[in-house]
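Working notes, beginning with the structure itself.
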Amino acid sequence: MTDKRQRARVQGSWAKPPARPTRPTAQGVQLAAGSWKSGPQLFEFHKPVNNVREIPAERTIEKAGDYEISQGPTGVSRLRLIPGFLQQEEADWMFSKLFAELPWSQKTNYRLMGEAYEEPRLTCWFGELPYMYSRSTMNANPEWHPVLATLRLAIEQKSGHTFNSLLCNLYRDGKDSIGWHSDNEPSLGPQPIIASLSLGDTRVFSLRKQPPPEDNGDYSYVERIRIPLAHGTLLLMEGCTQADWQHQVAKEYHDRGPRMNLTFRTIFPESEHARNTKR
Ligand SMILES: O=C(O)CCC(=O)C(=O)O
């Protein structure tokens, strides 16, 4: 008999179901799952149940494209990334002009219990209607800077959406930031579309999915996305992105130059808020 056949015979005999003992023997083998079987050949392997919950790996989005980032629970959440929406020279010129000429100031917000804090960045607002977030209001300011009016038109043409307002953020260095939040104020309507144009130094824009209700606000296991936003990049957030995800620009430990972010949005008059929330 060749070696190969001999091995096959041995394997065959092992593969046969073992004979059942007619009565329990004295020897017993404790199984991994804690049950006992009598007889030396009745060992069964029970794979331990894996109770460790996986943390999804963070995804990085850098390339131009349309990304469906989730399908629920509210509906489809979509991002559109357009690096190089502005050419370098054009973006350089706009950055210096807006940096010097916009009415930047530091806004005071209020926490739920009424405690005041200064935002860790400078802002200004353009639009026929005021904008209220974090329990403090930015007054209406219909005097659009001509550069911003031109940008609004260009972004409307590119995106196919219209916008009536603009929140401008200025991050003076790597210590300036915006914490986790969603742009979901009632004045923005049910599925707000936000067009965000970045100028200046690159900063990482992060998103994290809202946890399911049974996780009671614990974000440990949620999906995460990071998008480095470079000079001249346009990012569109559409669909349920504000209902199902939060976003932030975190502080950085490396030196960062100034960065500006222009977030075009549509504000609805107060008379339409109730109608919007019902939709
Ligand atoms: O600076 C950014 O890219 C994000 C700004 C932002 O989240 C906001 O204005 O709501």
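So for the sequence shown, my numbering puts the first residue at 4; every next one is plus one. Cβ coordinates follow ideal geometry from the N, Cα and C atoms, glycine included.
- Taking Cβ positions, are Q249 and Q194 nearer each other than 8 Å? no
Are the CB atoms of G235 and A94 within a distance shorter than 8 Å? yes
Spatial neighbours of N167 within its chain, please: CB distance less than 7 Å, with the 5 preceding and 5 following residues excluded, ordered by chain position. Taking C-beta separations shorter than 7 Å and ignoring five residues to either side along the sequence, the partners of N167 in its chain run G130, E131, T269 and I270, following chain order.
Rounded to the nearest angstrom, how far is the Cβ of S139 from that of C243, given a contact under 8 Å? Not confirmed; about 27 Å, so no contact.
Discussion item. Helix, strand or coil, according to DSSP, for L154 in the structure here?
Written reply: helix
#### Entry: 8 Å Cβ cutoff met for A233 and T205
yes
query: Under three-state DSSP, which class holds H71?
result: According to the sequence shown, residue 71 is Glu rather than His. DSSP places E71 in strand when its eight states are reduced to three.
Checklist entry - Could you give the residue range of the alpha helix (DSSP H) that holds M97? => result From DSSP, the alpha helix (DSSP H) with M97 extends over Q91 to E104.
Grab me the residues of A143's own chain with a C-beta within less than 7 Å of its C-beta, minus the 5 sequence neighbours each way, in chain order. G130, E131, L132 and P133
task = Determine the direct distance from the alpha carbon of S209 to that of P59, and round the result to whole angstroms.
result = 15 Å
Based on Cα-Cα distance, which residue from Q74, F48 and I181 lies nearest to E226?
Q74
How would you write the range of the alpha helix (DSSP H) that A246 sits in, first residue to last?
T244 to D247
Say whether the region 162-180 touches the region 98-114, bearing in mind that this needs 3 or more beta-carbon pairs closer than 8 Å, one atom from each stretch. yes
ask   = In chain order, which alpha helix (DSSP H) runs of at least 4 residues are fully inside the region 209-276?
value = Qualifying alpha helix (DSSP H) stretches, in chain order: 244-247.
| said: Any heavy atom of ligand 1 inside 7 Å of the beta-carbon of I158? | reply: no
- Query: Going by C-alpha distance, which of H49, G203, L82 and D247 is nearest M97?
  - Reply: In this structure, G203 is the residue among H49, G203, L82 and D247 with its C-alpha nearest to the C-alpha of M97.
TODO: Determine the direct distance from the alpha carbon of P216 to that of N112, and round the result to whole angstroms.
DONE: Cα-Cα distance, rounded: 28 Å.
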